[in-house]
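Asker: Everything in the sequence shown is counted per this note's numbering, starting at 3 for the first residue and increasing by one. Every residue gets a Cβ at the ideal spot worked out from N, C-alpha and C, and that includes glycine.
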Amino acid sequence: MLDSAWGMLQAQMQQQGQRRLVVLSGNPQWSEWIVSQLKEQFQGDWLTVSSCGPDAIEPTKAVGLLGREFLHGVFDATKGFNAEALAILAGTLKAGSWLVMRVPAWSQWAEWPDEDSIRWNESAGVIPTPNFIRHIQRQILSCPEVLLWRQDTPLQLQPSHQTGLWQMPDGNPTVSQQTLLEELLQSSGGIWVITAPRGRGKSALAGMLVRHWQGTCWLCAPAKITTEVIRCYAGISEQEMPFWAVDNLLKYCRLKKDGSGNKNDADWLLIDEAAAIPTPQLAELIRHFPRVLLTSTVQGYEGTGRGFLLKLCAALPDCHVRELKTPMRWAENDPLESWLDNALLFDDRLLDDRLLDDRLPLNEQSAHFNIEKDLRLYPIEQPMWLQQPALLRQFYGLLTSAHYRTSPLDLRRLLDGNGMTFLSAMSGFPVNEPQLVGAMWLVNEGGLSQILAHEIWAGRRRPRGNLVAQSLAAHGGFPQAAVMRSQRVSRIAVQAQYRRRGIAQHLITHQCREARKHKLDFLSVSFGYTAELWALWQKCGFRLVRMGTHREASSGCYTAMAILPLSGQGKRFAQLAQQQLSRDASGLESLLGFALPVEHDKDERLNGSDWQALAGFAFAHRSLSASYFALQRLLLTSDLALPGLRKHLQQQIDIEQCAHDLSLNGRKALLKLWREETAHALASIDEILANQWRDWVISCDSVEANRPHHPIDR
Numbered sequence: 003m004l005d006s007a008w009g010m011l012q013a014q015m016q017q018q019g020q021r022r023l024v025v026l027s028g029n030p031q032w033s034e035w036i037v038s039q040l041k042e043q044f045q046g047d048w049l050t051v052s053s054c055g056p057d058a059i060e061p062t063k064a065v066g067l068l069g070r071e072f073l074h075g076v077f078d079a080t081k082g083f084n085a086e087a088l089a090i091l092a093g094t095l096k097a098g099s100w101l102v103m104r105v106p107a108w109s110q111w112a113e114w115p116d117e118d119s120i121r122w123n124e125s126a127g128v129i130p131t132p133n134f135i136r137h138i139q140r141q142i143l144s145c146p147e148v149l150l151w152r153q154d155t156p157l158q159l160q161p162s163h164q165t166g167l168w169q170m171p172d173g174n175p176t177v178s179q180q181t182l183l184e185e186l187l188q189s190s191g192g193i194w195v196i197t198a199p200r201g202r203g204k205s206a207l208a209g210m211l212v213r214h215w216q217g218t219c220w221l222c223a224p225a226k227i228t229t230e231v232i233r234c235y236a237g238i239s240e241q242e243m244p245f246w247a248v249d250n251l252l253k254y255c256r257l258k259k260d261g262s263g264n265k266n267d268a269d270w271l272l273i274d275e276a277a278a279i280p281t282p283q284l285a286e287l288i289r290h291f292p293r294v295l296l297t298s299t300v301q302g303y304e305g306t307g308r309g310f311l312l313k314l315c316a317a318l319p320d321c322h323v324r325e326l327k328t329p330m331r332w333a334e335n336d337p338l339e340s341w342l343d344n345a346l347l348f349d350d351r352l353l354d355d356r357l358l359d360d361r362l363p364l365n366e367q368s369a370h371f372n373i374e375k376d377l378r379l380y381p382i383e384q385p386m387w388l389q390q391p392a393l394l395r396q397f398y399g400l401l402t403s404a405h406y407r408t409s410p411l412d413l414r415r416l417l418d419g420n421g422m423t424f425l426s427a428m429s430g431f432p433v434n435e436p437q438l439v440g441a442m443w444l445v446n447e448g449g450l451s452q453i454l455a456h457e458i459w460a461g462r463r464r465p466r467g468n469l470v471a472q473s474l475a476a477h478g479g480f481p482q483a484a485v486m487r488s489q490r491v492s493r494i495a496v497q498a499q500y501r502r503r504g505i506a507q508h509l510i511t512h513q514c515r516e517a518r519k520h521k522l523d524f525l526s527v528s529f530g531y532t533a534e535l536w537a538l539w540q541k542c543g544f545r546l547v548r549m550g551t552h553r554e555a556s557s558g559c560y561t562a563m564a565i566l567p568l569s570g571q572g573k574r575f576a577q578l579a580q581q582q583l584s585r586d587a588s589g590l591e592s593l594l595g596f597a598l599p600v601e602h603d604k605d606e607r608l609n610g611s612d613w614q615a616l617a618g619f620a621f622a623h624r625s626l627s628a629s630y631f632a633l634q635r636l637l638l639t640s641d642l643a644l645p646g647l648r649k650h651l652q653q654q655i656d657i658e659q660c661a662h663d664l665s666l667n668g669r670k671a672l673l674k675l676w677r678e679e680t681a682h683a684l685a686s687i688d689e690i691l692a693n694q695w696r697d698w699v700i701s702c703d704s705v706e707a708n709r710p711h712h713p714i715d716r
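1) Return the chain-ordered list of same chain residues with a C-beta closer than 6 Å to the C-beta of residue 1, the five sequence neighbours on each side being excluded.
2) Counting pairs of Cβ atoms below 8 Å between the segment 266-283 and the segment 207-219, do you hit three or more?
3) Buried or exposed: where does residue 163 fall if 16 or more other Cβ atoms within 10 Å of its Cβ makes it buried?
4) Restricting to Cα atoms, I'd like to know which of 79, 226, 73 and 53 is closest to residue 94.
5) Could you tell me how far apart the beta carbons of residue 202 and residue 330 are, in whole angstroms, since I believe they sit closer than 8 Å?
6) Taking only the alpha-carbon atoms, compute the straight-line gap between residue 59 and residue 228 and give it to the nearest angstrom.
7) Quick check: the Cα distance between residue 354 and residue 324, rounded to an integer number of angstroms?
8) For the segment 428-514, list the alpha helix (DSSP H) runs that are entirely contained and at least 4 residues long, ordered along the chain.
9) Could you tell me the alpha carbon to alpha carbon distance between residue 603 and residue 664, rounded to whole angstroms?
10) Just to confirm the assignment, what range does the beta strand (DSSP E) spanning residue 528 have?
11) Could you compute how far the alpha carbon of residue 215 sits from the alpha carbon of residue 334?
12) Assess, as a yes-or-no matter, whether the segment 523-543 is touched by the segment 558-567 under the definition of 3 or more beta carbon pairs within less than 8 Å.
13) Report the rounded CA-to-CA distance for residue 546 versus residue 155, giving the unit in angstroms.
14) Using the C-alpha atoms, what's the distance from residue 620 back to residue 114?
15) For residue 286, which three-state DSSP category applies?
16) For the structure I just gave you, are there three or more beta carbon pairs, one from the segment 672-680 and one from the segment 641-656, closer than 8 Å?
17) Using the Cβ count rule (16 or more neighbours within 10 Å means buried), how would you classify residue 362?
18) I'd like to know whether the C-beta atoms of residue 622 and residue 461 end up nearer to each other than 8 Å.
19) Count the other CB atoms, across all protein chains shown, that sit within 10 Å of the CB of residue 468; report buried if there are 16 or more and exposed otherwise.
20) For the beta strand (DSSP E) that residue 2 lies in, which residues bound it at each end?
21) As a quick exercise: from 252, 495, 209 and 655, pick the residue whose alpha carbon is nearest that of residue 236.
22) Alpha carbon to alpha carbon, what distance is there between residue 22 and residue 1?
23) Of the residues 442, 383, 416 and 197, which one's Cα is nearest the Cα of residue 326?
24) Please return the same chain residues whose Cβ sits closer than 6 Å to the Cβ of residue 495, not counting the five positions on each side in sequence.
25) Hey, could you find the ends of the alpha helix (DSSP H) residue 612 is sitting in?
26) Could you check where the beta strand (DSSP E) with residue 25 kicks off and where it finishes?
27) Determine the direct distance from the alpha carbon of residue 260 to that of residue 267, and round the result to whole angstroms.
28) Starting from residue 660, trace the beta strand (DSSP E) both ways and give me its first and last residue.
29) Assign residue 725 to one of two classes, buried (16 or more other C-beta atoms within 10 Å of its C-beta) or exposed (fewer than that).
30) Is DSSP giving residue 75 helix, strand or coil here?
31) So is residue 552 buried or exposed if we call it buried at 16+ other beta carbons inside 10 Å?
32) On the DSSP letters alone, give me the boundaries of the beta strand (DSSP E) that residue 273 sits inside.
33) Spatial neighbours of residue 485 within its chain, please: CB distance less than 7 Å, with the 5 preceding and 5 following residues excluded, ordered by chain position.
34) Quick check on this structure: which residue in 80, 594 and 297 has the alpha carbon closest to the alpha carbon of residue 278?
35) With DSSP as the reference, please indicate the residues paired to residue 322 in a beta bridge.
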């Protein structure tokens with residue numbers, strides 16, 4: 003049995019509205035036994051997040067817990083540390099809860115293989131993550147409110163710091179909620195955005211709006227189960243406030259728009275956990291309702307939360323952004339929340355308006371900043387993060403403020419990922435108080451064998467890592483991109499008041515010099531395309547080489563890839579990739595709906611690159627989308643019927659209807675027909691050449707000189 007002091011401490015936590023972290027460090031059998039003792043003594047939900055166990059929630063599925071509430075939880079970090087899952091679990095726990103974290107033996111933990119590294123490390127295999135674990139250990143030891151129980155050391159329970167009694171919410175709005183509720187109830191239209199960290203009562207406020215509104219409200223969320231709190235505070239049935247899945251509501255709105263009716267079905271559309279919904283879908287839904295309430299967090303552990311604020315709200319007309327700061331599910335200065343904010347760098351003190359808004363007046367430092375005299379660039383090695391924790395907070399905080407996808411997964415990669423390069427831009431003015439004004443993070447890519455690169459191009463292999471290099475091989479049709487050695491710019495950020503001074507260019511120029519010293523072939527970048535962002539990369543010397551045709555969920559933009567060639571081989575590759583983009587530009591523009599800043603090659607004849615793409619589709623596993631424009635040119639060249647390809651690509655009949663019209667059993671059968679039709683069309687144009695290409699594709703012959711040649715390319 004546990005000491006009676008546990009019961010006294012938990013009663014004190016309940017009275018003060020606090021939650022506490024308990025760290026059990028030892029072998030898994032011991033920590034599991036202690037958890038069973040805690041469960042026996044304290045009644046509660048005891049929700050467990052673990053990669054093993056019949057009743058446990060898989061860490062990668064913890065996002066499904068958003069918007070729900072529990073009493074007590076267990077986070078199993080004995081095999082791996084999923085930081086996002088820990089943050090989500092902590093956010094669901096009510097006042098009076100224990101969060102029990104099971105970890106390996108204290109002295110061994112930092113060198114313990116971390117299975118979570120498979121998710122985020124660029125190279126294959128599980129690796130130890132000593133920098134992150136030592137950072138977490140330091141945070142545990144520095145917080146007196148955390149109970150650290152090591153298997154080989156008796157635990158001395160310390161009472162919590164005395165605070166006043168906490169008043170549990172009684173269902174009525176808090177002062178800050180009441181202020182916002184009155185604004186919402188008086189609204190005649192527009193978009194209202196309520197942001198806050200977890201536990202501030204955003205969902206409760208949405209429910210209160212439904213209860214007091216004299217009209218119809220509809221509810222939408224990424225998952226129905228996350229709307230429990232809204233329904234609880236609304237106090238009405240599902241018939242009175244119907245729930246819509248995002249896809250179903252979009253279909254309904256599109257049908258209604260195409261029909262004759264234009265009457266609004268609902269006065270309010272409430273979208274809970276809005277940051278988890280792709281931005282294009284959100285933007286489309288918003289247009290169909292007179293009033294919209296979006297609730298979300300801008301705290302980094304959901305990854306897209308910051309992007310939700312940066313991208314969507316800035317572009318919305320008649321948008322009112324409000325924030326809830328006072329906790330509702332627990333008391334202010336909650337020990338668990340304070341520890342988590344420090345451990346996962348959720349502290350938003352860095353992320354204020356000075357970093358987010360470049361329209362604010364210059365402060366004294368930025369007004370007198372001279373880039374030639376005051377800018378200093380310093381490389382950062384990963385061990386330095388622990389030696390300079392303030393620099394870690396500033397660097398990660400700047401990236402979080404500027405990038406919509408930054409999350410704890412990036413913190414893991416930043417501290418321990420293989421093949422990372424970091425560069426800081428420091429202001430030397432004033433001399434006695436240098437500050438971080440710019441940050442750049444690069445990832446090593448390429449260097450794969452020619453055989454593996456050929457397999458990636460053919461669609462038969464897709465190893466971990468090498469985001470741009472693999473994409474240019476698999477989707478762009480350039481296997482050499484995966485063979486050449488390159489660095490991808492993963493993140494680059496400049497403080498708002500120091501922007502438009504050329505700091506980003508200085509960072510890129512510096513890294514080009516370093517990359518040439520190491521015989522790299524090119525730098526690359528992947529980004530959500532906007533004309534403004536492309537202008538920045540173009541100014542830095544990058545060349546646009548690929549455009550995706552699907553919008554990013556996080557930014558709502560189409561993915562663009564650009565490279566900055568460094569070597570002779572890199573320059574030849576850039577020229578080939580730009581030529582290919584020019585050939586595809588007209589077709590791309592019709593899919594994207596906007597003009598591309600590239601020259602247009604109107605030649606529709608099949609060339610060597612087309613034959614290679616078509617052979618990869620016909621005789622290997624390259625996707626239809628990767629061969630799309632070559633297939634379009636094939637259909638213009640061929641006189642054959644090719645009904646499967648023509649129905650989908652020329653007549654734009656969807657896949658399901660194509661399969662039905664051709665009496666085929668689903669998507670796989672249709673894809674098989676497409677490949678067969680492509681092979682038949684190639685053979686009808688030049689059977690000898692088609693056979694040569696088939697042999698080249700199947701044989702994995704990666705030697706460039708052995709590729710079949712084409713008279714048109716000479």
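Answerer: Reading it off the structure:
1) The displayed coordinates of the chain run from 3 to 716. Any statement about residue 1 would go beyond what the structure contains.
2) yes
3) exposed
4) 73
5) 6 Å
6) 15 Å
7) Unreliable positioning characterises residue 354 in this predicted model, as indicated by a pLDDT of 43, which lies under 50. A coordinate reading is not provided.
8) 452-460, 469-476 and 482-485
9) 35 Å
10) 524-530
11) 30 Å
12) yes
13) 59 Å
14) 46 Å
15) helix
16) yes
17) Caution is warranted here: a pLDDT of 43 is assigned to residue 362, below 50, making its placement in the model unreliable, and the coordinate value is therefore given only provisionally. The residue in question, residue 362, is exposed, as its Cβ has fewer than 16 Cβ neighbours within 10 Å.
18) yes
19) buried
20) Past the edges of the chain, shown from 3 to 716, lies residue 2, and the structure says nothing about it.
21) 209
22) Outside the displayed range of the chain (3 to 716) lies residue 1, so it cannot be described from this structure.
23) 197
24) 400, 401, 404 and 441
25) 610-621
26) 22-27
27) 15 Å
28) Segment 657-663 is the alpha helix (DSSP H) holding residue 660; no beta strand (DSSP E) there.
29) This structure cannot speak to residue 725, because the chain is shown only from 3 to 716.
30) strand
31) exposed
32) 270-273
33) 448, 450, 452 and 455
34) 297
35) 194
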